[in-house]
Each structure stands twice: as C-alpha cells, then as structure tokens.
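Participant:
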Amino acid sequence: MSDIFAQTKAKFHLPKGVIYLDGNSLGPLPKAAMGVVERTIQDEWGEMLITGWNKAGWINKPSEIGDRIGKLIGAPAGSVVMGDTLSIKVYQALASALELNPDRKVVLSDKGNFPSDLYIADGLLKSLGDEYELRVVAPEEVENALTDDVAVMMITEVDYRTGRKHDMKALTEKAHANGILTIWDLAHSAGALPVDLAGCNADFAVGCTYKYLNGGPGAPAFIYVADKHKDAARPALSGWMGHEAPFAFDLDYRAAPGIERMRVGTPPIIALSVLEASMDIWDMVEMNAVRERSIELCDLFIDEVERLCPQLQLGSPREGKRRGSQVSFHFENGYAAMQALIANGVIGDFRAPDMMRFGFTPLYVDHDDVRGAAAILGTIINEKVWDDPKYQRRSKVT
Numbered sequence: 024m025s026d027i028f029a030q031t032k033a034k035f036h037l038p039k040g041v042i043y044l045d046g047n048s049l050g051p052l053p054k055a056a057m058g059v060v061e062r063t064i065q066d067e068w069g070e071m072l073i074t075g076w077n078k079a080g081w082i083n084k085p086s087e088i089g090d091r092i093g094k095l096i097g098a099p100a101g102s103v104v105m106g107d108t109l110s111i112k113v114y115q116a117l118a119s120a121l122e123l124n125p126d127r128k129v130v131l132s133d134k135g136n137f138p139s140d141l142y143i144a145d146g147l148l149k150s151l152g153d154e155y156e157l158r159v160v161a162p163e164e165v166e167n168a169l170t171d172d173v174a175v176m177m178i179t180e181v182d183y184r185t186g187r188k189h190d191m192k193a194l195t196e197k198a199h200a201n202g203i204l205t206i207w208d209l210a211h212s213a214g215a216l217p218v219d220l221a222g223c224n225a226d227f228a229v230g231c232t233y234k235y236l237n238g239g240p241g242a243p244a245f246i247y248v249a250d251k252h253k254d255a256a257r258p259a260l261s262g263w264m265g266h267e268a269p270f271a272f273d274l275d276y277r278a279a280p281g282i283e284r285m286r287v288g289t290p291p292i293i294a295l296s297v298l299e300a301s302m303d304i305w306d307m308v309e310m311n312a313v314r315e316r317s318i319e320l321c322d323l324f325i326d327e328v329e330r331l332c333p334q335l336q337l338g339s340p341r342e343g344k345r346r347g348s349q350v351s352f353h354f355e356n357g358y359a360a361m362q363a364l365i366a367n368g369v370i371g372d373f374r375a376p377d378m379m380r381f382g383f384t385p386l387y388v389d390h391d392d393v394r395g396a397a398a399i400l401g402t403i404i405n406e407k408v409w410d411d412p413k414y415q416r417r418s419k420v421t
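The numbering of the sequence shown is our numbering, which starts it at 24 and goes up by one.
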C-alpha cells in the first residue's frame with residue numbers, strides 16, 4: 024500500500040525548490056482551497072446573496088467544522104465551535120472558568136505559555152479588580168503550584184518555543200483534585216499530536232487553525248467546553264450569534280444552549296471554506312499515524328543537525344514523547360542563520376533571543392525534506408553564510 028503521507032503531500036501547494044518547515048506558524052495552502060473559495064464566492068455569495076445563510080448552510084458552518092476539528096482533539100460532537108480569533112477564545116474561556124470558581128482569584132500559567140494568552144489574562148484580571156492575580160511559574164513548577172487558592176490553570180500544552188509538552192491528563196487530574204478548573208491552549212497541539220480532551224476531563228480548550236490545521240492566515244479559532252459546563256458557562260462576550268434566538272432581536276440577552284453560546288459575531292464564511300478544504304485532507308489520516316511519523320521526522324532532523332552542526336544546541340526535549348511536532352536549536356546568530364536558510368530554500372522561523380524553530384508536519388514533510396534541510400543548514404552554519412550583512416537586518420515578522 025502506498026504511503027498515505029505521499030498522498031496528502033500531493034494535496035498541498037508547495038512552492039518549487041522550497042522545503043517548508045514552518046507549519047507550526049502557518050500551514051501551506053491546500054490545493055482544493057482555491058476551488059472551494061471560488062465556489063463559495065461565485066456560486067454562493069455571488070448567486071445566492073444573503074439567502075446563502077440558509078441555502079448554503081452558512082449559519083451552521085461554525086458548529087459543523089467545530090465537530091470535524093473535535094475528532095482531532097478528542098472532543099465529542101457538540102462541544103467545539105468556530106469563530107473569532109484565538110485571543111477572543113482565550114478571553115471567553117478564562118472569563119467563564121473564573122465565574123464557575125468564584126471563591127478563588129488566582130489564575131495559574133507558566134512561562135512557556137504564548138505571551139498573548141498572558142496578555143489577555145492580565146487585561147481581564149485587571150478589569151475584574153485588584154484582588155485577582157495572574158501567577159506565572161516555570162513550566163516544570165506547574166504541578167507543585169496547583170494550590171488551593173488557584174481558580175484556573177491556563178496552560179499551552181506544547182511550548183511554542185521549545186516544543187516541550189505538558190502531561191494534560193496528569194495536570195488536569197491534579198488541578199481537579201485541588202478544586203481548580205483547566206483551560207488548555209492547543210495552538211501547537213491540534214493537528215500536531217493526538218489530544219483527548221474528554222478522556223483527560225479538561226474543562227475548556229482553545230486553539231487556532233492557521234498552523235497545523237492549514238486554515239490560512241487569520242483563520243478562525245475554536246473553543247471547546249466540556250459537556251458538564253456547556254449550559255452553565257456564561258459567555259462574557261455575549262454576541263448576537265450566541266443568543267438563544269439571534270433573529271428574534273430581543274433587547275435582553277439569553278444564552279443559547281450548549282456550545283452555541285460561545286459564538287460571538289458573524290462567522291467568517293470565506294475563511295471557513297478554506298478550513299473545510301483542509302479538513303478533507305485530515306479525514307484521510309489517523310492522528311496516531313501522524314504522531315508516529317512526526318516523531319520519526321523530528322528525531323531524524325535532530326540526528327542530522329547534531330552530526331552536521333555541533334555548534335547548535337538542542338533547545339527541545341530529546342525524547343519524542345515529551346515534545347510536540349517541532350524542534351528548536353539555540354544559536355547566538357540564530358536570526359541571521361534563519362534568514363540565510365530561508366534565502367536558500369528552507370523555511371523555518373526564529374524566536375528571541377536565539378531560538379531557530381522547525382516544524383514537522385507529516386501531511387507534507389517527508390524524510391527527504393528533513394535530510395535536505397539539515398544539509399543546507401549545515402552549509403549555512405559551517406561556511407558562515409549567515410555572516411553576510413544582508414541577513415542581519417531585522418524584519419517586522421521573525
């Protein structure tokens with residue numbers, strides 16, 4: 024039987040001469056997306072106009088696609104909904120979780136969390152009052168910091184810089200044993216590794232879709248609410264699409280039943296159509312197979328880079344089960360080296376102060392890509408190609 028990942032790779036538009044190892048920041052374009060978007064624009068928006076909300080089923084897209092993503096993250100049907108940005112979904116989840124645990128005022132997070140999540144939490148807590156506290160500890164200190172004054176643990180499962188992976192099940196169990204609700208950010212997990220939200224008894228989860236899920240720049244985010252909380256969680260952002268009867272246009276807000284209450288504004292239909300094209304590819308694979316191949320590719324890259332570039336220091340866990348689907352290396356001239364690498368056809372990215380990041384998505388990255396990327400990196404480092412002044416200039420996006 025042919026390799027399923029060779030079949031999935033053929034379904035992405037990958038520029039000729041480029042090895043793409045940055046799907047942990049932005050996934051590539053599914054070839055089918057262009058046709059899907061064209062149909063959405065021409066046949067639905069163009070011909071149906073506003074009747075597309077009913078005729079084309081636009082109004083149901085956030086829940087339908089949410090259920091498809093739910094299959095990748097261990098979430099039952101009716102527990103995931105799409106819409107808005109990840110920042111909005113973080114705000115929603117945190118506000119709802121705090122209301123469900125009103126006698127406590129501390130939100131626990133870690134230094135491996137994506138800074139935007141911490142910014143959102145800080146802003147929300149300042150709005151709620153001085154008695155609230157955002158407590159941020161080192162990743163390895165999270166378990167011991169789950170004390171009985173903490174209301175909510177808000178953690179990104181996979182560290183965006185190092186790829187270090189938290190144990191969702193163990194931390195959730197410890198949190199619950201201490202009366203703490205949990206929020207998991209799956210930005211670097213969804214589509215990268217198997218997630219079992221229901222099996223781990225997670226309370227809330229959020230995630231973006233422009234990374235491993237290949238929804239395109241600015242693609243809508245998702246939110247998960249456990250069944251036990253779906254009808255109790257009050258949406259702090261009480262948008263009209265989360266109303267029990269949005270087209271009754273009542274002046275008073277009544278939350279919709281279940282996950283629908285976490286909808287806020289009008290859903291981005293064209294963006295969701297791109298995501299549908301990507302989900303068709305995801306339907307071809309099993310997450311356990313993706314995970315197995317991902318670890319293979321990452322291990323191979325580590326071996327090759329350490330053989331060719333001993334100057335680089337591994338910044339990710341060496342054991343595959345302890346990291347996500349990315350590998351990071353420390354190098355004091357990492358920014359310039361990454362620019363030189365990109366100029367030579369290998370796209371990764373850089374995170375301050377000295378981290379070169381590489382993402383490995385089996386849907387379109389194979390063993391030849393890994394070997395080729397490592398060989399080019401070896402040339403960049405050993406011949407000091409990065410020392411050219413043109414690679415030293417900083418761009419806005421790194």
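Note that beta-carbon positions come from the ideal geometry of N, C-alpha and C, so glycine has one too. If you're wondering where the values come from, they're calculated on a predicted model, not measured in any experiment.
Thinking C-alpha only, which one of Pro376, Arg416, Ile370 and Tyr233 is nearest Thr108?
Facilitator: Minimum Cα distance to Thr108 is reached at Tyr233.
Participant: Do you know offhand how far Thr74's Cα is from Ala294's?
Facilitator: Each residue's alpha carbon lies about 18 Å from the other.
Participant: How far does the alpha helix (DSSP H) with Phe28 in it reach, from first residue to last?
Facilitator: Taken as a continuous stretch (DSSP letters only), the alpha helix (DSSP H) holding Phe28 covers Ile27 to Lys32.
Participant: Can you tell me the Cβ-Cβ gap for Leu157 and Met176, rounded? I've got them flagged as a contact below 8 Å.
Facilitator: Leu157 to Met176, Cβ: 12 Å. No contact.
Participant: In whole angstroms, give me the CA-to-CA distance for Ala120 and Val41.
Facilitator: Computed Cα separation, rounded: 43 Å.
Participant: Going along the chain, which residues of its own chain have a beta-carbon closer than 6 Å to the beta-carbon of Ile82, five neighbours each way excluded?
Facilitator: Once the five neighbours on either side are set aside, the close Cβ partners of Ile82 are Trp76.
Participant: Suppose contacts are defined by Cβ-Cβ distances below 7 Å. Is Gly357 in contact with Thr185 by that definition?
Facilitator: Cβ atoms of Gly357 and Thr185: not closer than 7 Å.
Participant: Considering only residues of the same chain and omitting the five flanking positions on each side of Met302, which have a CB-CB separation below 7 Å?
Facilitator: Hits under 7 Å: Ile88 and Arg91.
Participant: In three-state terms, what does DSSP make of Leu236?
Facilitator: Coil.
Participant: His266: buried (16+ other C-beta within 10 angstroms of its C-beta) or exposed?
Facilitator: Flag for His266 reads buried.
Participant: Beta-carbon separation of Gln336 and Arg380 under 7 Å?
Facilitator: No, the pair does not count as a contact, with Cβ atoms beyond the cut-off.
Participant: Could you check how far apart the C-beta atoms of Arg127 and Asp182 are, in whole angstroms? I think they sit under 8 Å.
Facilitator: In fact, because the Cβ distance is near 26 Å, the residues do not count as touching under 8 Å.
Participant: With which residues is Asp326 paired in a DSSP beta bridge?
Facilitator: For Asp326, which the question treats as bridged, DSSP gives no partner whatsoever.
Participant: Determine, using beta carbons only, whether Val297 and Gly239 come nearer to each other than 7 Å.
Facilitator: Result yes, Cβ atoms of Val297 and Gly239 sit closer than 7 Å.
Participant: Straight-line CA distance for Ile27 to Leu44?
Facilitator: If I take the Cα positions, the gap works out to 19 Å.
Participant: In chain order, what residues of the same chain have a beta carbon less than 7 Å from the beta carbon of Val328, not counting five sequence neighbours either side?
Facilitator: Contacts found: Leu335, Phe352, Ala397 and Leu400.
Participant: Spatial neighbours of Thr421 within its chain, please: CB distance less than 6 Å, with the 5 preceding and 5 following residues excluded, ordered by chain position.
Facilitator: Around Thr421: Phe373.
Participant: Would Val113 and Tyr247 qualify as a contact pair, given that the criterion is a beta-carbon distance under 7 Å?
Facilitator: No. Outside cutoff.
Participant: For the alpha helix (DSSP H) holding Trp207, just list the boundary residues, first then last.
Facilitator: Here Trp207 belongs to no alpha helix (DSSP H); instead the beta strand (DSSP E) covers Leu204 to Asp208.
Participant: Determine the DSSP secondary structure at Tyr183, reduced to helix, strand or coil.
Facilitator: It is coil, neither helix nor strand.
Participant: Could you give the first and the last residue of the continuous beta strand (DSSP E) run that contains Ile246?
Facilitator: Residues Phe245 to Val248.
Participant: Taking DSSP as the reference, what is the three-state secondary structure of Gln336?
Facilitator: Here Gln336 sits in strand by DSSP.
Participant: Could you pull out every residue in the same chain whose Cβ sits closer than 6 Å to the Cβ of Asn367, ignoring the five residues on either side in sequence?
Facilitator: Same-chain partners within the cutoff: Ile399.
Participant: Taking three-plus beta-carbon pairs below 8 Å as touching, is the segment 223–233 in contact with the segment 201–214?
Facilitator: Yes: at least three Cβ pairs fall under 8 Å.
Participant: Arg380 bridges to which residues according to DSSP?
Facilitator: Arg380 pairs with Ser351 and Asp372.
Participant: With three or more beta-carbon pairs closer than 8 Å as the criterion, would you say the segment 129–138 touches the segment 148–163?
Facilitator: The segment 129–138, when compared against the segment 148–163, does touch it at the 8 Å Cβ threshold.
Participant: Helix, strand or coil for Leu52? Go by DSSP, reduced to three states.
Facilitator: DSSP places Leu52 in strand when its eight states are reduced to three.
Participant: So, for Ala360: in the same chain, excluding its five sequence neighbours on each side, which residues have a beta-carbon less than 7 Å away from its beta-carbon?
Facilitator: Here the set comprises Phe354, Met379, Ile403, Ile404 and Trp409.
Participant: Mind checking Asp311: buried by the 16 CB within 10 Å criterion, or exposed?
Facilitator: According to the sequence as given, residue 311 is Asn; it is not Asp. Counting Cβ neighbours within 10 Å, Asn311 comes out exposed, since fewer than 16 surround it.
Participant: Would you grab the beta carbon distance between Asp208 and Glu164 for me? Rounded to a whole angstrom, and I think it's under 8 Å.
Facilitator: In fact, because the Cβ distance is near 18 Å, the residues do not count as touching under 8 Å.
Participant: Mind checking whether Leu321 and Phe383 have CB atoms under 7 Å apart?
Facilitator: Note on identity: in this sequence residue 321 is Cys, with Leu being the wrong assignment. Yes, Cβ-Cβ distance for Cys321 and Phe383 is below 7 Å.
Participant: Report yes or no: do three or more beta-carbon pairs, one from the segment 134–143 and one from the segment 267–280, lie closer than 8 Å?
Facilitator: Contact between the segment 134–143 and the segment 267–280 is absent, because fewer than three Cβ pairs lie under 8 Å.
Participant: How about Met105 and Pro85: are their beta carbons less than 7 Å apart?
Facilitator: Yes, the Cβ-Cβ distance between Met105 and Pro85 is below 7 Å.
Participant: Buried or exposed, going by whether 16 or more other CB atoms sit within 10 Å of the CB of Leu72?
Facilitator: When all chains shown are included, Leu72 counts as exposed.
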